[in-house]
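Asker: Just remember that the working numbering sits 204 ahead of the position in the sequence shown, which is counted from 1.
Ideal Cβ placement from N, Cα and C applies to all residues, glycine included.
It should be emphasised that the depicted structure is a prediction, and the values quoted were computed from it without experimental measurement.
Structure provided below as C-alpha cells; questions to follow.
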Amino acid sequence: MSKRHLLKTAAVLALSVVFANAQAQTKPVKFQLDWRFEGPAALFLVPAAKGYFKDAGLDVTIDSGNGSGGTVTRVASGTYDMGFADMAALMEFHANNPDAPNKPVAVMMVYNNTPAAVLALKKSGIAKPADLSGKKLGAPVFDAGRKAFPIFEKANGVSNVAWTAMDPPLRETMLVRGDIDAITGFSFTSLLNLEARGVKPTDVVVMPYAEHGVKLYGNAIIASPKLIRENPEVIRAFLKAFAKGAKEAMANPTASIETVKARDGIINVPLETRRLQMAIDAVVASPDARREGFGQVVPGRLALMASQVSDAFATRSRVNPDAVWNSSMLPTAAELNILPPLKK
205 MSKRHLLKTA
215 AVLALSVVFA
225 NAQAQTKPVK
235 FQLDWRFEGP
245 AALFLVPAAK
255 GYFKDAGLDV
265 TIDSGNGSGG
275 TVTRVASGTY
285 DMGFADMAAL
295 MEFHANNPDA
305 PNKPVAVMMV
315 YNNTPAAVLA
325 LKKSGIAKPA
335 DLSGKKLGAP
345 VFDAGRKAFP
355 IFEKANGVSN
365 VAWTAMDPPL
375 RETMLVRGDI
385 DAITGFSFTS
395 LLNLEARGVK
405 PTDVVVMPYA
415 EHGVKLYGNA
425 IIASPKLIRE
435 NPEVIRAFLK
445 AFAKGAKEAM
455 ANPTASIETV
465 KARDGIINVP
475 LETRRLQMAI
485 DAVVASPDAR
495 REGFGQVVPG
505 RLALMASQVS
515 DAFATRSRVN
525 PDAVWNSSML
535 PTAAELNILP
545 PLKK
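Here you go:
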C-alpha cells in the first residue's frame, strides 16, 4: 500500500470519527406546539429555520398540536421531550394527577398574559362584563377561557350564565348566527375567525381577561422531568436558541410568516401575519411582560393563579406553584431582552 493511499485512508477515518462525534453530540428534541401551524408558531419555526437549534447542538423536531391539554399529556407520557402549553392546563394536570411520575414543568414563560377573552357582537347590547349576566355563552368544553371563566365571573360580578358546547370550528359561526350571545376564545384567534365570517372588527366587543381583573399567565415552554433531571443543558441550549429566534420573529413578523407557510402551504399569509402581530402585542410583549421581563414569572402572581385554577377547575388536589415552574435553565437577562421596542 502506497504512502499516499495510507494518508488518504487515515484522513477518511479521521473525518468519520469527527462526523460520528458530531452526531453523538447532537441531542434530539421532540417538541409539540399547542395548536396548528398558525402565526404565533413562527416564534418557534424561525429559530429552527435559521439553524439556531442546530448551532446549539440540537436536532429539534417541531410538530403541530391539538390543544394545550394534549401537549401536556404527551410530554408527560414521554412521547415528546418539550412543548408549548397553557400554564392553567399544566396546573390542572398536576393537581388532577398528584401521583403521576412524570409531571411536566414550565421552564420559560412566553405568553405573559392569557390570550383568553370574551367576545360579543355590539348589536347584542353587550358592552361590558356585567352585561353577560343571564346570557348564553358558547365555547368548546376544553377552551381555556371557558374553563377559567369562573375567575372572570368572580372578578367582574357576572352571574347566571348558561353554556353551550360546540366543536371549535362552529364557535364563531354560532355567534354570528345568534345561537349564543357571546363566546370565549383566544382573542387573536376568535376575532380573526369572526372577520373571516364577514363581521367587521369594529362590530365586535372584545373583553380580554387580562384587562378585566384576571391576571393569569398564558402559554409557557414545558419540559419533561426526565429531560430536566438527565439533560438540563439541552433545555438551556433550547431556550437560548429559541429566545434568539423569537426576537427576530417579533422584529419582522412579515418575513417570519414564511417559516409557517413552509410547514403549511395553504395558510392565509396576510391573516397569519396579523395573528402573529396581535399575539405579540397582546400577550408576548404586553405591559405585564415588559414589567416582569420576558420568560419570567412573579412568584406571588403565580401562587395566586395556582389558587384560582384550583378553585375554578375544581381540581382533585390544590395546585402547588413551586412544582409547576423551574427557572434554573433560563438564559441570562441580556439574552432574554428580546421584546420589540414600544410603538410610538
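Report the option in I266, A331, A324 and R240 whose CA atom is closest to the CA atom of L341.
Answerer: The residue you call residue 341 lines up with position 137 of the sequence shown. The candidate whose alpha carbon is nearest that of L341 is A324.
Asker: Can you give me the start and stop residues for the alpha helix (DSSP H) that I355 sits inside?
Answerer: As a working note, residue 355 is residue 151 in the sequence shown. Unbroken alpha helix (DSSP H) run through I355: F353 to N360.
Asker: Between P373, A386, K307 and S328, which has its C-alpha nearest D350's C-alpha?
Answerer: In the sequence shown, the residue the question calls residue 350 occupies position 146. In the sequence under discussion, the amino acid at residue 350 is Arg, which differs from the Asp named in the question. If we check each option's Cα against that of R350, A386 comes out closest.
Asker: Determine the DSSP secondary structure at A228, reduced to helix, strand or coil.
Answerer: On the sequence shown, position 24 is the one that residue 228 refers to. Summary for A228: the model assigns pLDDT 47, below 50, so the residue's position carries little reliability; its value from the coordinates is reported in the next sentence. Reduced to three states, the DSSP call for A228 is helix.
Asker: Where does S281 land, buried or exposed, given buried means 16+ other C-beta within 10 angstroms?
Answerer: In the sequence shown, residue 281 corresponds to position 77, counting from 1. Under this definition S281 is an exposed residue.
Asker: Mind checking which residues open and close the beta strand (DSSP E) that includes F346?
Answerer: Mapped onto the sequence shown, residue 346 falls at position 142. Looking at the DSSP string, F346 is not in any beta strand (DSSP E), and its letter there is neither H nor E.
Asker: In whole angstroms, what is the alpha-carbon distance linking L374 and R433?
Answerer: The sequence position of residue 374 within the sequence shown is 170, counting from 1. The sequence position of residue 433 within the sequence shown is 229, counting from 1. If you take the alpha carbons of L374 and R433, they lie about 42 Å apart.
Asker: Going by beta-carbon coordinates alone, are I355 and A489 separated by less than 8 Å?
Answerer: As a first step, residue 355 is located in the sequence shown; it is residue number 151 there, counting from the start. As a first step, residue 489 is located in the sequence shown; it is residue number 285 there, counting from the start. Result no, Cβ atoms of I355 and A489 do not sit closer than 8 Å.
Asker: For the stretch 373–427, which segments carrying the alpha helix (DSSP H) assignment without a break, of at least 4 residues, lie completely within its bounds, in sequence order?
Answerer: DSSP runs (the alpha helix (DSSP H)) wholly in the stretch 373–427: 375–381 and 391–400.
Asker: Ignore the nearest five residues each way along the sequence and tell me which others in R505's own chain have a CB closer than 7 Å to its CB.
Answerer: Along the sequence shown, read from residue 1 onward, the residue named residue 505 stands at position 301. Once the five neighbours on either side are set aside, the close Cβ partners of R505 are K419.
Asker: Pick out whichever of L249, M286 and N316 has its Cα sitting closest to the Cα of P491.
Answerer: For this step, residue 491 is matched to residue 287 along the sequence shown. The candidate whose alpha carbon is nearest that of P491 is N316.
Asker: Could you tell me the alpha carbon to alpha carbon distance between V487 and G422, rounded to whole angstroms?
Answerer: As a working mapping, residue 487 is identified with position 283 in the sequence shown. As a working mapping, residue 422 is identified with position 218 in the sequence shown. About 8 Å.
Asker: Could you give the distance in angstroms between the alpha-carbon of I330 and the alpha-carbon of V409?
Answerer: The residue given as residue 330 occupies position 126 in the sequence shown. The residue given as residue 409 occupies position 205 in the sequence shown. Straight-line Cα distance between these residues: approximately 8 Å.
Asker: Looking at the structure shown, is F288 part of a helix, part of a strand, or coil, going by DSSP?
Answerer: As a first step, residue 288 must be located in the sequence shown, where it is residue number 84. Strand at F288.
Asker: Just mark W367 as buried or exposed, buried being the case when its beta carbon has 16 or more other beta carbons within 10 Å.
Answerer: Position 163 of the sequence shown, counted from the start, is the residue given in the question as residue 367. Exposed, because fewer than 16 other Cβ atoms sit within 10 Å of the Cβ of W367.
Asker: Buried or exposed for D347, going by 16 or more other Cβ atoms inside 10 Å?
Answerer: The sequence position of residue 347 within the sequence shown is 143, counting from 1. By the 10 Å Cβ count, D347 comes out buried.
Asker: Determine the contact status of G243 and E476, defining contact as a CB-CB distance below 8 Å.
Answerer: Here residue 243 refers to the residue found at position 39 when the sequence shown is read from its first residue. Here residue 476 refers to the residue found at position 272 when the sequence shown is read from its first residue. A contact, by the Cβ cut-off of 8 Å.
Asker: Check whether the Cβ atoms of V322 and A427 lie closer than 8 Å to each other.
Answerer: As a position in the sequence shown, residue 322 is number 118, starting the count at 1. As a position in the sequence shown, residue 427 is number 223, starting the count at 1. Going by C-beta atoms, V322 is not nearer than 8 Å to A427.
Asker: Give me the residue from T265, T275, A447 and P436 with the minimum Cα distance to E539.
Answerer: Locating residue 539 in the sequence shown gives position 335, where the first residue counts as 1. That would be A447, whose Cα lies nearest to the Cα of E539.
Asker: Flag this pair as touching only if the stretch 260–278 and the stretch 228–240 have three or more C-beta atom pairs under 8 Å; answer yes or no.
Answerer: Verdict: yes, contact present.
Asker: Kindly indicate which residue of V365, L431 and P436 has the alpha-carbon position closest to the one of M533.
Answerer: Taking the first residue of the sequence shown as position 1, residue 533 is located at position 329. With distances taken between Cα atoms, M533 lies closest to P436.
Asker: Report the rounded CA-to-CA distance for P405 versus V473, giving the unit in angstroms.
Answerer: For this step, residue 405 is matched to residue 201 along the sequence shown. For this step, residue 473 is matched to residue 269 along the sequence shown. Approximately 19 Å between the Cα atoms of the pair.
Asker: Taking its Cβ as the centre, do 16 or more other Cβ atoms sit within 10 Å of D290, making it buried, or is it exposed?
Answerer: Counting from 1 along the sequence shown, the entry for residue 290 is found at position 86. Flag for D290 reads buried.
Asker: Classify L546 as buried or exposed, calling it buried when 16 or more other Cβ atoms lie within 10 Å of its own Cβ.
Answerer: Within the sequence shown, numbered from 1, the residue matching residue 546 stands at position 342. That one is exposed.
Asker: Output yes or no for whether 8 Å exceeds the beta carbon distance between S460 and L480.
Answerer: On the sequence shown, position 256 is the one that residue 460 refers to. On the sequence shown, position 276 is the one that residue 480 refers to. A contact, by the Cβ cut-off of 8 Å.
Asker: Considering only the alpha carbon of each residue, which of T463, V513 and L398 lies closest to T377?
Answerer: Counting from one through the sequence shown, the residue named residue 377 turns up at place 173. Checked all of T463, V513 and L398; the closest Cα to T377 is L398.
Asker: Would V362 and P319 qualify as a contact pair, given that the criterion is a beta-carbon distance under 8 Å?
Answerer: The residue labelled residue 362 in the question sits at position 158 within the sequence shown. The residue labelled residue 319 in the question sits at position 115 within the sequence shown. Result no, Cβ atoms of V362 and P319 do not sit closer than 8 Å.
Asker: Straight-line CA distance for T388 to L249?
Answerer: Numbered from 1 along the sequence shown, position 184 holds the residue referred to as residue 388. Numbered from 1 along the sequence shown, position 45 holds the residue referred to as residue 249. C-alpha separation (whole angstroms): 28 Å.
Asker: With a CB to CB cut of under 7 Å and the five nearest residues on each side skipped, what residues in its chain are close to G449?
Answerer: As a working note, residue 449 is residue 245 in the sequence shown. Same-chain partners within the cutoff: V250, P251, K254 and Y256.
Asker: Once DSSP output is grouped into helix, strand and coil, what is the label at L508?
Answerer: To locate residue 508, count along the sequence shown from 1; it is residue 304. Of the three classes helix, strand and coil, the one that applies to L508 here is helix, per DSSP.
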